[in-house]
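Quick note on the working numbering: the sequence shown kicks off at 108 and runs consecutively. Following: one structure in structure tokens, then a few remarks.
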Amino acid sequence: MKVWIQIRDDRLLRGRASLVRFIPFLLRFFFPLLLIVAVLLFILLFYKDNGHRTISFVEPPKTASITILWAEWKPADYLQILAHDFTRETGIEVTVVQRSWSDWQQHFISEMEQKSKRYDLVIGDSQWLGYGARNGHYIDLTKWIAKQQIEAQFVPTAMQGYAEYPKGSQRYWAIPAEGDAMGFAYRKDLFEDPHEQRLFQQRYGYPLKVPETWQQLSDIAQHFYRPDQHLWGIMNWVEPNYDGLTMALQSVLWAWGAELGNQQNHEVVGVLNTPEAAEALRFYKQLTSYTNPAWKEYYLDTDKSHNQPLISGEAAMAMVYFAITPELLNPVTNPYADKIGFFPTPAGPAGRATSLGGQGLSLISYSKKKEYALAFLEWFVQQETQQKWSDLGGLSCHVKILNSESFLQASPMHPAFSESFGFVQDFWAVPEYAQLLDLSQQHWDEYLNTDQLTAEQSLDRLAQQWDKVFEYGGYYKE
């Protein structure tokens, strides 16, 4: 047994020695062959010949995608749904990031100041145009818009409001995305009630109907002001934190023949603080007496929407943005859905005007995916896409959609919305708009909530502070 083990061990040792002597032979003759095979496999797998004797690398495909920033509301949901069609057609994935109204603007500014590449496109307020253009945050789309012939496809007021900066320059920094304007919703059953009509006719000397003037609107609000019955004449915007009060009051100012300032040279002293403007402020303060003070914060936020007083049956009329009214027509969310009607902002002594709502779609300069973003813009402006956008619930500003019979009949809100785009106007669209807005909100809120300040004093103080903002910004040349 020991002898056999010894013989076996000797054979193993001799075999290992032979293998060691054979390794140099393997390295000398077979390694080059293995290397050649590896190179051939590499060429087959990672190179390709395009017929021009040119070899190029084939990289693993990356997922194409873009990210869009918008506010948190239903139209943003509609856009995400619509974008699925774009992804199916192009393979480019789209993510719509929604931020609450309360921090949407500040979040955008913070991202831009950091030159963040997080977002490729932004759907922003029209007042952001100056900030985005002059600070290099937006890409100038003027040549691209001309090439795509977009200007002729959208209503002029939409191109001016959502895309053009400076005003009148025909330089464009966005395309119209979600059209919107200030208007009114009302309870048709109250307006059409025979008893209410008799009482109104006796008191005011004319029929109770949809108001054509601000004075008629005020009369109707006064007529239905019955707080002891939990009914108020109107829910009008007095919200002091974002822009609600300013958007409402500027519409009244324009209707009285006043102006925020000279849009060409930015002069405000003597332009904003005029007798006409003071009369407009006094009128709005009187109108506000017919609303519920508890609704002061009601504006855009979901839990404090300007729609809520109508849904609860406590208001005869409500100042609204048309884009936020679909829930008023939904019987699931509004027990008075079949009783809601709409009308555009009425006229004042000097004419008719209403605040522009909605937003434009801009390409952010820091994006690393501009090619994909431009592909989305080109797809979005097509009439077929705009029709789908409208069908989902978006408010298109495309000429052929906005004025089509099918659009006007699709919703009780659409005729008033379409009519409003004939007389929309906008707040200052300059880089300093946020400062200007904060000041108007502050001064006009103070005027509405104190009897220690006259309309003239409020306007004088605001004009002086706006003047300082423009002077500091270098708008006044010697």
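Backbone N, C-alpha and C fix where the C-beta goes; we use that ideal spot for every residue, glycine too.
Test item: CB-CB of residue i and residue j under 8 Å
i, j, result
"residue 315", "residue 298", "yes"
"residue 453", "residue 319", "yes"
"residue 248", "residue 470", "yes"
"residue 260", "residue 505", "yes"
"residue 397", "residue 344", "no"
"residue 176", "residue 195", "no"
"residue 331", "residue 423", "yes"
"residue 238", "residue 540", "yes"
"residue 93", "residue 173", "For the chain, the structure presents residues 108 to 585; residue 93 sits outside this window and is missing."
"residue 294", "residue 473", "no"
"residue 287", "residue 430", "yes"
"residue 616", "residue 461", "Nothing about residue 616 can be read from this structure; the chain reaches only from 108 to 585."
"residue 435", "residue 417", "yes"
"residue 266", "residue 342", "no"
"residue 306", "residue 480", "no"
"residue 328", "residue 394", "yes"
"residue 531", "residue 455", "no"
"residue 542", "residue 576", "yes"
"residue 421", "residue 337", "yes"
Opening and closing residue of the alpha helix (DSSP H) in which residue i lies
i, result
"residue 285", "No alpha helix (DSSP H) contains residue 285, which is instead part of the beta strand (DSSP E) from 282-294."
"residue 273", "Unbroken run through residue 273: none, as it is neither H nor E."
"residue 444", "Segment: none, residue 444 is in no alpha helix (DSSP H) and carries neither H nor E."
"residue 263", "263-269"
"residue 237", "235-241"
"residue 181", "181-197"
"residue 331", "Counting along the chain, residue 331 falls outside any alpha helix (DSSP H), and DSSP gives it neither H nor E."
"residue 489", "Neither: residue 489 is in no alpha helix (DSSP H) and is coded neither H nor E."
"residue 251", "249-255"
Residue i - DSSP class collapsed to helix/strand/coil
i, result
"residue 528", "coil"
"residue 534", "coil"
"residue 422", "strand"
"residue 498", "helix"
"residue 449", "strand"
"residue 577", "helix"
"residue 583", "coil"
"residue 301", "helix"
"residue 175", "strand"
"residue 457", "coil"
"residue 513", "helix"
"residue 413", "coil"
"residue 389", "helix"
"residue 505", "strand"
"residue 479", "helix"
"residue 320", "strand"
"residue 473", "coil"
"residue 311", "helix"
"residue 361", "helix"
"residue 344", "coil"
"residue 435", "helix"
"residue 306", "helix"
"residue 83", "The question about residue 83 has no answer here: the residues shown for the chain are numbered 108 through 585."
"residue 407", "coil"
"residue 163", "Low local confidence applies: a pLDDT of 37 at residue 163 is under 50, so the model's placement there is unreliable, with the coordinate-based value given in what follows. If DSSP states are grouped into helix, strand and coil, residue 163 belongs with the strands."
Start-to-end residues for the beta strand (DSSP E) that takes in residue i
i, result
"residue 200", "200-206"
"residue 466", "461-470"
"residue 231", "228-232"
Short CB-CB distance (under 8 Å) between residue i and chain D
i, result
"residue 267", "Looking for chain D here will not work: only one protein chain is present."
Near the ligand NAP: residue i beta-carbon under 7 Å from a heavy atom
i, result
"residue 234", "With respect to small molecules bound, the structure shown includes none, and the ligand NAP cannot be examined in it."
### Query
Any contact of the region 381-388 with the region 364-373, i.e. 3+ C-beta pairs under 8 Å?
yes
### Query
Just checking, does the region 350-357 make contact with the region 539-558 on the three C-beta pairs under 8 Å criterion?
yes
### Query
At a cut of 8 Å, does the region 497-517 reach the region 407-418 through at least three beta carbon pairs?
no
### Message
For the structure I just gave you, are there three or more beta carbon pairs, one from the region 274-283 and one from the region 232-250, closer than 8 Å?
### Response
yes
### Query
Is the region 524-531 in contact with the region 206-226, if contact means three or more CB pairs nearer than 8 Å?
no
### Query
Between the region 459-466 and the region 227-236, do at least 3 Cβ pairs fall closer than 8 Å?
yes
### Message
My parser needs the alpha helix (DSSP H) runs of 4 or more residues fully inside the region 539-577; what are they?
### Response
540-555
### Any 3 or more C-beta pairs closer than 8 Å across the region 475-487 and the region 183-200
yes
### Query
Are there three or more Cβ pairs, one per stretch, closer than 8 Å when the region 371-385 is compared with the region 570-583?
yes
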